[in-house]
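Have a look at the structure below, then the notes.
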Amino acid sequence: MNQQANPTKLTVALHKLTSCSGCQLAFLNQGATLLELVELVEFKHFIEAGLNHPDEKVDLAFVEGSVSTPEDLKRAQQIRQNSKLVVSIGACATSGGVQALRNMADGNAWMQAVYTRPDFIATLGTSTGVAEHIKVDFELWGCPITVRQVNHFIRQLLFGAKPRPEAEKLCMACKRHQLVCVMVTQQAPCLGPVVRTGCGALCPAFGRACYGCFGPSEQPNCHSLANRFAGLGLVPREIAQRFASIHSHSNPFREESHHWQAIEVKEIE
Amino acid sequence: MAKQRKIALKVPFVTRLEGEGALELSAKGDTIDKLHLKIFEPPRLFEKFLEGKSYQDVPDLNARICGICPMAYQLTSIQAIEDLFNIQLPDHLIQLRRLMNLGEWIQSHSLHIHFLAVPDFLGFESALSMAKQHPQVLQRGMQIQETGNALMTLLGGRSVHPVGLQVGGFGRLPEPANWDAARQQVDQALPAAVALLRWTASLPLLDYSHDFIWVSLKHSEIYPINGGDITTSNGLTLNYWQYPDHFKEHQVRHSTAFYSLLDGKDYLVGPLARLNNNVAILPGPIKKLVNDIGLVFPNQNMFTSIQARAVEILLALTEAQQLLAEPCPTGDAHLPVTPQAGECCYCTEAPRGMIYHHYQLDDEGRVINCTIIPPTSQNQARIEQDLKYSVKKFGLHNSDDALKFFCERVIRNYDPCISCSTHFLDFNIVRG
Ligand code: SF4
Ligand code: SF4
Chain A
3 MNQQANPTKL TVALHKLTSC SGCQLAFLNQ GATLLELVEL VEFKHFIEAG LNHPDEKVDL
63 AFVEGSVSTP EDLKRAQQIR QNSKLVVSIG ACATSGGVQA LRNMADGNAW MQAVYTRPDF
123 IATLGTSTGV AEHIKVDFEL WGCPITVRQV NHFIRQLLFG AKPRPEAEKL CMACKRHQLV
183 CVMVTQQAPC LGPVVRTGCG ALCPAFGRAC YGCFGPSEQP NCHSLANRFA GLGLVPREIA
243 QRFASIHSHS NPFREESHHW QAIEVKEIE
Chain B
571 MAKQRKIALK VPFVTRLEGE GALELSAKGD TIDKLHLKIF EPPRLFEKFL EGKSYQDVPD
631 LNARICGICP MAYQLTSIQA IEDLFNIQLP DHLIQLRRLM NLGEWIQSHS LHIHFLAVPD
691 FLGFESALSM AKQHPQVLQR GMQIQETGNA LMTLLGGRSV HPVGLQVGGF GRLPEPANWD
751 AARQQVDQAL PAAVALLRWT ASLPLLDYSH DFIWVSLKHS EIYPINGGDI TTSNGLTLNY
811 WQYPDHFKEH QVRHSTAFYS LLDGKDYLVG PLARLNNNVA ILPGPIKKLV NDIGLVFPNQ
871 NMFTSIQARA VEILLALTEA QQLLAEPCPT GDAHLPVTPQ AGECCYCTEA PRGMIYHHYQ
931 LDDEGRVINC TIIPPTSQNQ ARIEQDLKYS VKKFGLHNSD DALKFFCERV IRNYDPCISC
991 STHFLDFNIV RG
């Protein structure tokens, strides 16, 4: 691939904030199609693939990872300035990721429990999605996002189509795959009715409950699902934890989790 | 330097992997007075947010420690917990886990070789920019990487944060049609792996061999992934419970990752450490090929790590081929699970080296506390020691650019899980 100036090519940057690097693999795990992709777009910054030009101006910036340190925050602002379009990828970038579980706790106490010298480490009290700090033009949910999501998105842009978010419920994908409902047949506390599609309904295909790694769907009725979980015999603490997993800091899941946590506290008193 | 404090922790904690790094080197003439590999991975506090979570949720959360070796984190916790719950898996499930493990090694090593290491040898900035001139090298790498991913997907549903593993076995067994497809893919990738190994043997390597300790699991019959004793090159053989007696972590000001030391000394984990310890049990044909192409293990040249990875890729594909030659397994996908309170620990070999997990669970199987020690924190002290030795030997009179590139290459041998910094270090040199 010739990366020299080609004015017609879409220029792309991939930035990493606080994350596991798993979403970047949606690019690096593409196999042969990665070579096709680099014919269509020109990567300017993508450290894991070997390109380190963080401050170059680009058409499209993908951001992986949550804002959890002062450095993350500064970078997010720079990315906004340098990019025409900003797209957050993955649970970390869209809702703070697993590390946002600290938002529900005393993050400082946690730091002190883990580090003998927490003062050596600069970190924010919370882990949050990128859109809480800068304007984000599009979000790809999923932990991790898939190759299909990335390529579909880029190709829509290249064809001049306005990308549309996929936000229907996982249950719909289950039905399309003709999977047996794990909630009906096994009383498994599946989040499918409030989680967005995109994974291909993987967990139900493995006979297990969805744990929500693609985040909340459109119009999620979390409360009624949570009541159903109570009907299945889950205690409030367990219900709270179902929603406090990969996307604990997304609004609907956070609210539901708080609600059941509060009930738990009352019971203990 | 004056302010650098080392504090020995009583209970070791590590909370993250991956991230970014920087190197700071200050020297006067021929004397280095500071050489710091700084890892500033933001803390993600896994060990705290796992507290209170059910044993069923632990593997899914643990996967998120690292996108490149998620299964290693899942499986280390699963095996520790299975030990505590007295679960002994039937043979076919053990084999399936092994197959999936092999897949993770294949994809992770291939990613490392082709995206991180090879551009050094061919003189490119990045793998992407090699595509035009060396399509065959990259395509071969991608074929191998895809095969590893396919094995993980066969058993886990996807290769990043797979969903198939659980305490007690798997969610379901593979479908025969997918089993056959995986076998074909492995058959096709094997010649590519042989070619890759030969190619790595033909590379001109730097040699900065020096004395150091290496540590890995070791097993008398099978190349170790899960199981085997912790074995050190200075003569220790330990079980997992003895880990905390000898391995201690401490924090330093310049890095967010902990430093782990073995009885006060730095040590190596990872492919070269594993191969050094286990070369004797490589299958005959692979051993012969390794000899024929002139590779010698054990050795203490960290630049042979790329070859060690290629050997392990070939080993993994060979074993995968044997496992897949059997009919697609039938029977139970998992065993019943009855939680029990207590403590448990386990070590496995992630692609990048040994991982240690320790859990205390209550009688419902909820985490009371835990400790997770990844390979990166184990290698960090070793990387710094290697740099101190190698940079001096390389010559501090070299230009900043030459020194920077040299240091990057040294660090890349270790593939520390700061995947970003492995290719690019903010390099800071102060010359006195
Ligand atoms: S969203 Fe999940 S896969 Fe993506 S970077 Fe975050 S933890 Fe990793
Ligand atoms: S079923 Fe749910 S938890 Fe499982 S992969 Fe899909 S979105 Fe993620």
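These protein sequences, in sequence, are chains A and B. First residue of the first sequence? That's 3 in my numbering, and the numbers climb one at a time after it. First residue of the second sequence? That's 571 in my numbering, and the numbers climb one at a time after it. Where is the CB? At the ideal position from N, CA and C, for every residue including glycine.
State the Cα-Cα distance for the pair Ala63(A) and Thr801(B), rounded to the nearest angstrom.
-> Along the first sequence, one-based indexing puts residue 63(A) at 61. Along the second sequence, one-based indexing puts residue 801(B) at 231. If I take the Cα positions, the gap works out to 46 Å.
Just to check, is the beta-carbon of Lys744(B) closer than 7 Å to a non-hydrogen atom of ligand 2?
-> Along the second sequence, read from residue 1 onward, the residue named residue 744(B) stands at position 174. Going by the sequence as given, residue 744(B) is Pro instead of Lys. No; taking the cut-off as 7 Å, the Cβ of Pro744(B) has no heavy atom of ligand 2 nearer than that.
Would a check of beta-carbon distances place Ser696(B) closer than 8 Å to chain A?
-> Reading the second sequence from its first residue, position 126 is the one you call residue 696(B). Closer than 8 Å to some Cβ of chain A, the Cβ of Ser696(B) qualifies, so yes.
Does the separation of the CB atoms of Ala762(B) and Arg710(B) fall below 8 Å?
-> In the second sequence, residue 762(B) corresponds to position 192, counting from 1. In the second sequence, residue 710(B) corresponds to position 140, counting from 1. The answer is yes: Cβ separation under 8 Å.
What residue range is occupied by the uninterrupted alpha helix (DSSP H) comprising Met712(B)?
-> As a first step, residue 712(B) is located in the second sequence; it is residue number 142 there, counting from the start. It spans 705 to 726 - the alpha helix (DSSP H) in which Met712(B) sits, taken as one unbroken run.
6 Å CB neighbourhood of Met185(A) in its chain, flanking five on each side removed | Taking the first sequence and counting its residues from 1, the one referred to as residue 185(A) is at position 183. If we look at Met185(A) and ignore the five residues flanking it on each side, its Cβ neighbours are Cys192.
Neighbourhood of Pro56(A) by C-beta, 6 Å cutoff - its chain only, sequence neighbours within 5 removed | Position 54 of the first sequence, counted from the start, is the residue given in the question as residue 56(A). Excluding residues within five positions, the ones whose Cβ falls inside 6 Å are His47.
Is there at least one Cβ from chain B nearer than 8 Å to Asn31(A)'s Cβ?
-> Counting from one through the first sequence, the residue named residue 31(A) turns up at place 29. By this cut-off, Asn31(A) is an interface position.
Nearest candidate by alpha-carbon position, reference Gln565(B), set Ile981(B), Leu773(B), Thr941(B) | Chain B is shown from 571 up to 1002; residue 565(B) falls before or after that span and cannot be answered.
Residue-chain proximity (Gly217(A), chain B), Cβ-Cβ < 8 Å | By 1-based counting over the first sequence, the position of residue 217(A) is 215. Cβ-Cβ to chain B under 8 Å: no for Gly217(A).
Excluding the 5 residues preceding and the 5 following Phe45(A) in the sequence, name in chain order all residues of the same chain whose CB lies nearer than 6 Å to its CB.
-> Translated into positions along the first sequence, residue 45(A) becomes position 43. Val14, Leu53, listed in sequence order.
Candidates Phe740(B), Gly726(B), Thr874(B), Leu957(B): which alpha carbon is nearest Pro906(B)'s?
-> Taking the second sequence and counting its residues from 1, the one referred to as residue 906(B) is at position 336. Considering only alpha carbons, the answer is Phe740(B).
Top-ranked residue by Cα proximity to Ala843(B), from Gly864(B), Gly726(B), Pro855(B), Pro868(B) = In the second sequence, counting from the first residue as 1, residue 843(B) sits at position 273. Checked all of Gly864(B), Gly726(B), Pro855(B), Pro868(B); the closest Cα to Ala843(B) is Pro868(B).
Compute the Euclidean distance between the alpha carbons of Asn719(B) and Gly217(A), then round it to the nearest angstrom.
-> If you number the second sequence from 1, residue 719(B) lands on position 149. If you number the first sequence from 1, residue 217(A) lands on position 215. Cα to Cα, Asn719(B) sits roughly 24 Å from Gly217(A).
Would you mind giving the Cβ-Cβ distance between His682(B) and Glu882(B), rounded to the nearest angstrom? I have them listed as a contact below 8 Å.
-> For the purposes of this step, residue 682(B) is identified with residue 112 of the second sequence, where counting begins at 1. For the purposes of this step, residue 882(B) is identified with residue 312 of the second sequence, where counting begins at 1. About 11 Å separates the two Cβ atoms, so there is no contact after all.
Cβ distance (whole Å) where Val89(A) is taken to contact Phe140(A) below 8 Å = Within the first sequence, the letter at position 87 stands for residue 89(A). Within the first sequence, the letter at position 138 stands for residue 140(A). Yes, they are in contact, since the Cβ atoms of Val89(A) and Phe140(A) sit about 5 Å apart, within 8 Å.
Using the DSSP secondary-structure output, state which residues sit across from Gln188(A) in a beta bridge.
-> As a first step, residue 188(A) is located in the first sequence; it is residue number 186 there, counting from the start. Note: Gln188(A) sits in no beta bridge, so no partner.
Nonlocal neighbours in the same chain, by C-beta distance under 6 Å from Tyr984(B), ignoring five residues either side = The sequence position of residue 984(B) within the second sequence is 414, counting from 1. Cβ neighbours of Tyr984(B) beyond the five flanking positions: Asn949, Ile953.
Is Arg150(A) near ligand 1, going by C-beta to nearest heavy atom under 7 Å?
-> Stepping through the first sequence from its first residue, residue 150(A) is reached at position 148. No - ligand 1 has no heavy atom lying nearer than 7 Å to the Cβ of Arg150(A).
Within chain A, the residues that Val733(B) reaches when beta carbons sit closer than 8 Å = Counting from 1 along the second sequence, the entry for residue 733(B) is found at position 163. The contacting residues are Leu204, Cys205, Phe208, Arg210.
Closest by CA to Gly92(A), which one among Arg239(A), Leu16(A), Pro238(A)?
-> Here residue 92(A) corresponds to residue number 90 of the first sequence, with the count starting at 1. Measuring from the Cα of Gly92(A), the nearest candidate turns out to be Leu16(A).
Euclidean distance between Cα positions of Leu885(B) and Glu919(B) | Position 315 of the second sequence, counted from the first residue, corresponds to residue 885(B). Position 349 of the second sequence, counted from the first residue, corresponds to residue 919(B). The alpha-carbon atoms of Leu885(B) and Glu919(B) are separated by roughly 15 Å.
Are the region 631 to 639 of chain B and the region 249 to 260 of chain A touching by the rule of at least three beta carbon pairs closer than 8 Å?
-> no
Can the beta-carbon of Ala190(A) be found closer than 8 Å to that of Arg166(A)?
-> Numbered from its first residue, the first sequence carries residue 190(A) at position 188. Numbered from its first residue, the first sequence carries residue 166(A) at position 164. With respect to the 8 Å criterion, Ala190(A) and Arg166(A) are not classified as neighbours on the basis of their beta carbons.
How would you call Arg614(B), buried or exposed, if buried means at least 16 neighbouring beta carbons within 10 angstroms?
-> Stepping through the second sequence from its first residue, residue 614(B) is reached at position 44. Burial of Arg614(B) is indicated by the presence of at least 16 other C-beta atoms within 10 angstroms of its C-beta.
Ala890(B) versus Leu852(B) - alpha carbon distance = The residue you call residue 890(B) lines up with position 320 of the second sequence. The residue you call residue 852(B) lines up with position 282 of the second sequence. If you take the alpha carbons of Ala890(B) and Leu852(B), they lie about 14 Å apart.
What are the residues that DSSP puts in a beta bridge with Phe273(A)?
-> There is no way to answer for residue 273(A), as the model of chain A reaches only from 3 to 271.
In chain A, which residues lie less than 9 Å from Asp933(B) when you measure between Cβ atoms?
-> Working through the second sequence from its first residue, we reach residue 933(B) at position 363. Residues of chain A with a Cβ closer than 9 Å to the Cβ of Asp933(B) do not exist, since the nearest Cβ in that chain sits about 15 Å away.
Does any CB atom of chain A fall closer than 8 Å to the CB of Glu652(B)?
-> Residue mapping note: residue 652(B) aligns to position 82 of the second sequence, counting from 1. No - not a single Cβ of chain A is within 8 Å of the one on Glu652(B).
Going by the C-beta, is Leu698(B) closer than 7 Å to any heavy atom of ligand 2?
-> Within the second sequence, numbered from 1, the residue matching residue 698(B) stands at position 128. Checking the Cβ of Leu698(B) against ligand 2 gives no.
If you draw a straight line from the C-alpha of Leu19(A) to the C-alpha of Ser68(A), how long is it?
-> Sequence index remark: in the first sequence, residue 19(A) carries index 17 (1-based). Sequence index remark: in the first sequence, residue 68(A) carries index 66 (1-based). In a straight line, the C-alpha of Leu19(A) is about 6 Å away from that of Ser68(A).
How is Lys608(B) classed by DSSP in three states: helix, strand or coil?
-> On the second sequence, residue 608(B) is found 38 positions in, with the first residue counted as 1. It is a strand residue.
Any Cβ of chain B within less than 8 Å of the Cβ of Thr71(A)?
-> Here residue 71(A) is taken as the residue at index 69 of the first sequence, counted from 1. At least one chain B Cβ lies under 8 Å of Thr71(A).
Sheet register partners of Trp784(B) (DSSP bridge) | Along the second sequence, read from residue 1 onward, the residue named residue 784(B) stands at position 214. Bridge partners of Trp784(B): Leu838(B).
Check the Cβ of Arg104(A) against every Cβ in chain B and list those closer than 8 Å, keeping chain order.
-> Within the first sequence, the letter at position 102 stands for residue 104(A). Within chain B, the residues near Arg104(A) are Leu615, Lys618, Phe619.
Status (buried if at least 16 other CB within 10 Å, exposed otherwise) for Trp675(B) = Position 105 of the second sequence, counted from the start, is the residue given in the question as residue 675(B). Burial call: buried.
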